[in-house]
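Participant: I have a structure I would like to understand better, so I am pasting it below and will then ask my questions one at a time.
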Amino acid sequence: MLRHNEKSIHNQLKSFLDNLKANYGIKFDFEMVNNYDFFKNMSVLDFLRDVGKYITINNMIKKDTVAKRIEDPDKSISYTEFSYMLLQGYDFVKLFRDK
Numbered sequence: 006m007l008r009h010n011e012k013s014i015h016n017q018l019k020s021f022l023d024n025l026k027a028n029y030g031i032k033f034d035f036e037m038v039n040n041y042d043f044f045k046n047m048s049v050l051d052f053l054r055d056v057g058k059y060i061t062i063n064n065m066i067k068k069d070t071v072a073k074r075i076e077d078p079d080k081s082i083s084y085t086e087f088s089y090m091l092l093q094g095y096d097f098v099k100l101f102r103d104k
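Here our numbering is used: the first residue of the sequence shown is 6, the next is one more, and so on.
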């Protein structure tokens, strides 16, 4: 299922970019990467030790989307959602360095 979704996203993006080229003469080259390749050989403990040590909780809770949910007694944020910012940040760094 995951591979099917990955292929579908790739095809949709390719179709969109092909339409930009055909209709506006705008050409984009793209490469789709799977962040699983960044993480498949890294344990959670490795990730927290090697990546998490560079991130402060203060910066994360200052983000508007997080702060609003923490301050609202009727809302909450799970650890999974909160830690997702670390994964997104790592994706950005890997793509910036490697691509």
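Beta carbons: idealized from backbone N, C-alpha and C, even for Gly.
Leaving out the 5 sequence neighbours to the left and right, which residues in its chain are closer than 8 Å to L18 when beta-carbon positions are compared?
Facilitator: F35 and M37
Participant: When you compare only the Cα positions, how much space is there between D96 and F87?
Facilitator: 16 Å
Participant: May I ask which residues mark the beginning and end of the alpha helix (DSSP H) holding M90?
Facilitator: Y84 to D103
Participant: Can you name, in chain order, every residue of its own chain whose Cβ lies under 6 Å from the Cβ of N16, other than the five neighbours on each side?
Facilitator: None.
Participant: Taking 8 Å as the cut-off, decide whether the C-beta atoms of V56 and L91 are in contact.
Facilitator: The Cβ atoms of V56 and L91 lie closer than 8 Å to each other.
Participant: Can you look up D77 in the DSSP assignment and give me helix, strand or coil?
Facilitator: Coil at D77, not helix or strand.
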